[in-house]
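First to last, the sequence lines map onto chains A and B. The numbering of the first sequence is the working numbering, which starts it at 2 and goes up by one. The numbering of the second sequence is the working numbering, which starts it at 484 and goes up by one. Cβ coordinates follow ideal geometry from the N, Cα and C atoms, glycine included.
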Amino acid sequence: MTESIDARFVKLFPSGFHLNCEFSIPIQGFSFSVLFGPSGSGKTTILRILAGLDRPDEGVISFCGEKWFDSNQGLHRSPQSRGIGIVFQDYALFPHLSVEQNISFGLKGISGRERSARVNEILSMLRLDPMRSRFPHKLSGGEQQRVALARTLVRRPRLLLLDEPLSALDQPTRAEIRHELRGLLQALDVPTILVTHDRVETIALAERVIVLSGGSVQQIGDVQQVFNHPANEIVAQIVGVETVLPGVIREIEEGIAVVDVGTVSLRAAVRDSLPNHVTVCIRAEEVLIEKGAQGATSARNRFQAVVRSIIAEGPVYRIVVDGGFELTALITRHAREEMALQEGDTVLVVLKAHGIHLVPRE
Amino acid sequence: MDPAALWLTLKLACCTTLALLFIGLPLGYWLGRTRWKWRFLVEAVVGLPLVLPPTVVGFYLLIATGPRSMLGRFYESLTGGMLPFSFQGILLASVLFNLPFAVRPFAASFASIDQRLLEASWCLGASHLRTFFRIACPIAWPGILTGIVLTFAHTVGEFGVVLMMGGNIPGVTRTLSISIYDDVQSLDYASAHQTAFVLLLFSFVALTITYSLQRRMVTL
């Protein structure tokens, strides 16, 4: 029997939106997968389909060999019988039940003693003991989120689905809970699928990421793999690579390609065989900016450029330079002050061959 | 005031309200949550008594349950009695005539429940029935209570449809509002005053409760 959730389905919406998905996620004890994509990419619908709340028009979904949905057989297992847990974006706590009643709501068919033991266990695990008799509207956002988690986890779900669980929280709480969440789910050994459009959240939480755009899966893989080596232009844009430009490969020699981008020729490291037409992806973190005369360097790309704009973003500056094509760089406040960098300045752009990622262009 | 009429009126109002809880709650839940495109047809039928003259409802009911009708014969074979001019008859009439007063507030209240709450309940393993009783009804209770108060109060004041269906039989079908009509006919203004004042006071209290509940529902 395969220990995985295998899904292949199509769902059409009256608006004309077309959700067409195929993916397989291993389910073996704790694992954290993220459905990542911009809003409107269909990720929440996929989660609802996995929960049994929405029904695809066509396809098959199976969980560890157990059929959940099969359009050919007219099979659709109800949310009640899937043994999963879901936490909604707005938590959906029952407003008329106390914290304790919310948590014990889903525990049926077990003895009263075991029930209260399990409720107590999860209450203390999530530090909810002091507020067990309070009602949801008396809780902070972070506390509500913990109650929603507790209510689901107390049933020991076979799979946990989280729909942007941190988006309703303020920034400091979010960072704190993010850290806590992974540890908790790991301790409870629950396979988890989380939906988000937040890059930081994805990188911090996930092992595996499924990138969605326009209702279809663009790339599945290890987080580092996907973020550093996007499979195509769409993924590069979604995962937030700042510079994404078309380029033409002139020649490839000893694993280094010479690519024409705008009026500049760049040298980029190549790992796989590529067509001549490629998309050039450059992360802002990989771009170095120098001012004044410089000596020899190991970096393969050096060219002059003019600073077009300087935008402060918290502790860093986002610099857009133009040296035949537009390129974004990130530098620290300190670096900017040291270089006395102003718009209109001429600078030297330095790029390592390994900092440039080439993907085939469709 | 006629004590037999008072007792009968209270009995009729209680039975009507109870019957409408059984019929109206599921119907209201369905109307409030369904996305069926022909739903408005059902809404129109439920709302009919709001615009129809009571005499029209009473007339059709009388025809439909008369001794020569199918329903009338079926009822007679079952119980040996007749629906028109009996307590069961006016109960049926008043249940039908009060349908909108119960179902509309029920449906509005159920419709305002966040769908996520019901979905969360299903995903926690609760059946549709358990979700209805443990989640939907408690959350919709201000609307349900409004429906109960309105139905009860409206039944207490019901005149036309009860007169058409039940006539004016003391202790059997003569309710308070019919006894006022009777009193005025026989020029017993003192008794009519008494009964009318009691009904006025009662209606005012009922509406006060309803509106205060609705206000609480809005601020919830």
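- Counting only runs of 4 or more residues that sit fully inside the segment 102-152 of chain A, the alpha helix (DSSP H) segments are 113-126, in chain order.
- When DSSP assignments are scanned along the segment 282-316 of chain A, no uninterrupted stretch of alpha helix (DSSP H) that is 4 or more residues long falls wholly within it.
- Of all residues in the segment 328-357 of chain A, none is placed with a Cβ closer than 8 Å to any Cβ belonging to chain B.
- Relative to residue 286 of chain A, the option among A/176, A/235, A/356 whose CA is nearest is A/356.
- For the pair residue 245 of chain A and residue 35 of chain A, the Cα-to-Cα distance works out to about 23 Å.
- With at least 16 other beta carbons inside 10 angstroms of its own, residue 230 of chain A counts as buried.
- Chain B places no beta carbon closer than 8 Å to that of residue 180 of chain A, leaving this residue out of the contacts.
- Counting every other CB atom within 10 Å of its CB across the protein chains shown gives residue 164 of chain A a total of 16 or more, marking it as buried.
- Its Cα nearest to that of residue 218 of chain A, the residue A/235 stands out among A/235, A/270, A/281, A/33.
- A Cβ of chain B is located within less than 8 Å of the beta carbon of residue 91 of chain A.
- For a cut-off of 8 Å, the C-beta gap from residue 511 of chain B to residue 603 of chain B is around 22 Å, too long to register as a contact.
- Sequence-distant partners of residue 649 of chain B (beyond 5 residues in either direction) whose C-beta falls short of 7 Å from its own C-beta, in its chain, are 568, 572, 573, 656.
- Under the Cβ distance rule, residue 603 of chain B counts among the residues neighbouring chain A, one pair being separated by less than 8 Å.
- Against chain A, the beta carbon of residue 497 of chain B has no neighbour under 8 Å; the closest one sits roughly 27 Å away.
- Secondary structure at residue 551 of chain B: coil, using DSSP grouped into helix, strand and coil.
- Residue 503 of chain B places its beta carbon 8 Å or farther from that of residue 576 of chain B.
- Contact between the segment 331-346 of chain A and the segment 632-646 of chain B is absent: fewer than 3 CB-CB pairs across the two stretches fall below 8 Å.
- In the three-state DSSP reduction, residue 92 of chain A falls in the coil class, being neither helix nor strand.
- Beta-bridge pairing by DSSP links residue 21 of chain A to A/11, A/217.
- Interface criterion not met: the Cβ of residue 698 of chain B is under 8 Å from no Cβ in chain A.
- Annotation for residue 525 of chain B: the continuous alpha helix (DSSP H) segment containing it runs 522-534.
- Judged by DSSP secondary structure, residue 352 of chain A falls within the beta strand (DSSP E) whose first and last residues are 347-352.
- In this structure residue 324 of chain A does not touch residue 300 of chain A by the C-beta definition: roughly 14 Å separates them, more than the 8 Å allowed.
- Contact between the segment 24-42 of chain A and the segment 176-190 of chain A is present, with at least three C-beta pairs closer than 8 Å.
- Residue state for residue 243 of chain A is assigned as coil, using DSSP reduced to three classes.
- When Cβ-Cβ separations below 8 Å define contact, residue 607 of chain B makes contact with chain A.
- Assignment of residue 652 of chain B by DSSP, reduced to helix, strand and coil, places it in the coil class.
- Beta-bridge analysis with DSSP links residue 266 of chain A to A/261.
- Per the C-alpha coordinates, the member of A/216, A/21, A/221 positioned closest to residue 40 of chain A is A/216.
- Against chain A, a Cβ distance below 9 Å from residue 592 of chain B picks out nothing, because the smallest value is about 13 Å.
- In this chain, residue 590 of chain B is not harboured by any beta strand (DSSP E); it is covered by the alpha helix (DSSP H) spanning 582-594.
- Straight-line spacing of the CA atoms in residue 538 of chain B and residue 647 of chain B works out to 6 Å.
- Just measuring C-alpha positions, the residue of A/83, A/281, A/261, A/256 sitting nearest residue 271 of chain A is A/256.
- At a cut-off of 8 Å between C-beta atoms, residue 671 of chain B does not count as an interface residue with respect to chain A.
- Between residue 500 of chain B and residue 631 of chain B the beta-carbon gap is near 6 Å, inside 8 Å, which marks them as a contact.
- For the pair residue 250 of chain A and residue 260 of chain A, the CB atoms are nearer than the 8 Å cut-off.
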